[in-house]
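Colleague: Using our numbering, the first residue of the sequence shown is number 1, and each one after it goes up by one. For glycine and all other residues, C-beta sits at the position ideal for the given N, C-alpha and C. Right, I'll just put the structure down here and ask away after.
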Amino acid sequence: MFVEIEPAPGVHVYGPAVGSGYQGLEVIIDPQPFLTVYPPNYPEAAMLSLPWAGETLTGYTGPARTAIDVSLATRQDLTPVLGTGQGLTITGSVKVQACDDDRLCWPPESIPVNWHFNLLPPNLDRPPEALQHKAKA
């Protein structure tokens, strides 16, 4: 899954490890019993010199894509989800704070996000005998 942010011209958002009381980019995925979420893979943030604040912090001034790897439980554990025929929705939030180059910082935001996946039950029928691999004698 991906989260992509693209600050407007003249605006930056802070990187994940910004510190200093600013809200850095953070992607949070809501837990689900049949979902394993791995730590987000944030893009490398640039060093931003902010003369008006007397600070140099990490952030993004252009498009930045964060990748989030997830894995699903076994088909047996997913039976309640597969049985509904409605697919799987993964929810979460993106925390971010943006500032412009002229001293204006907007309050930190928590933006809800979701991804919907249509899931099909596995096809457990064996292939026709003509297509089955035979053990070599």
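Taking only the alpha-carbon atoms, compute the straight-line gap between residue 134 and residue 127 and give it to the nearest angstrom.
Modeller: 12 Å
Colleague: From residue 116 to residue 68, what does the alpha carbon distance come to, in whole angstroms?
Modeller: 14 Å
Colleague: If you check the beta carbons only, do residue 58 and residue 42 fall under 7 Å apart?
Modeller: Not closer than 7 Å, so no.
Colleague: Can you tell me the Cα-Cα spacing of residue 72 and residue 30, whole angstroms?
Modeller: 14 Å
Colleague: On a CA-only basis, which of 136, 3 and 14 is nearest residue 49? Give me that one, please.
Modeller: 14
Colleague: Is the stretch 3–22 touching the stretch 73–84, taking contact as three or more C-beta pairs under 8 Å?
Modeller: no
Colleague: For residue 124, which three-state DSSP category applies?
Modeller: coil
Colleague: Identify the continuous alpha helix (DSSP H) that holds residue 81 and give its terminal residues.
Modeller: 79–84
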